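What follows is one structure encoded as structure tokens, with my remarks underneath.
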Amino acid sequence: MRLGMFDREPLSQAYGHLGPKDVCNPAHQNLALEASRQGIVLLKNNGPSLPLSPQHHHNVAVIGPNFDVIRPMIGNYAGESMFSTVISFIVCSCVLNRLDQIIQANELK
Numbered sequence: 001m002r003l004g005m006f007d008r009e010p011l012s013q014a015y016g017h018l019g020p021k022d023v024c025n026p027a028h029q030n031l032a033l034e035a036s037r038q039g040i041v042l043l044k045n046n047g048p049s050l051p052l053s054p055q056h057h058h059n060v061a062v063i064g065p066n067f068d069v070i071r072p073m074i075g076n077y078a079g080e081s082m083f084s085t086v087i088s089f090i091v092c093s094c095v096l097n098r099l100d101q102i103i104q105a106n107e108l109k
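Mapping the sequence shown onto full-length UniProt numbering, position 99 (from 1) lands on 99, and the numbers just tick up by one.
Structural data, given as structure tokens:
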């Protein structure tokens, strides 16, 4: 409120002229794709680390306060999607559901 964002006509604000054409356009999608490509880290898989198997892994510990949450991981800048359907899932839960069938999975918070 103290920023004056609600004091005047929205179009007179610094970003008031931005609209759907400025959000999620092809240039921004390409930039996001490139950022995600550059952010990927590949690790060498020495030994029987991956894929997880009951022969080599008897317990799996998933540790941390945010291992099973979505909202804190995407932040508070996630607006409505410009696409018809958005599917979000917790990767850790998917992994644990699969692992639960073959090995003991322990959740530690």
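Where a beta carbon is used, it is the ideal one built from N, C-alpha and C, also for glycine. Here the structure is a predicted model, which is why all the values come from computation and not from measurement.
The beta carbon of residue 11 sits closer than 8 Å to those of 17, all from its chain and outside the five residues before and after it, given in chain order. The C-alpha of residue 22 lies about 24 Å from the C-alpha of residue 7.
Per DSSP, residue 30 has no beta-bridge partner at all.
Residue state for residue 60 is assigned as strand, using DSSP reduced to three classes. Here residue 92 really is in contact with residue 67; their C-beta atoms are around 5 Å apart, less than 8 Å. Between residue 40 and residue 13, the alpha-carbon positions lie close to 37 Å from each other.
Between residue 47 and residue 56, the alpha-carbon positions lie close to 10 Å from each other.
As the crow flies, the alpha-carbon of residue 59 is around 23 Å from that of residue 42.
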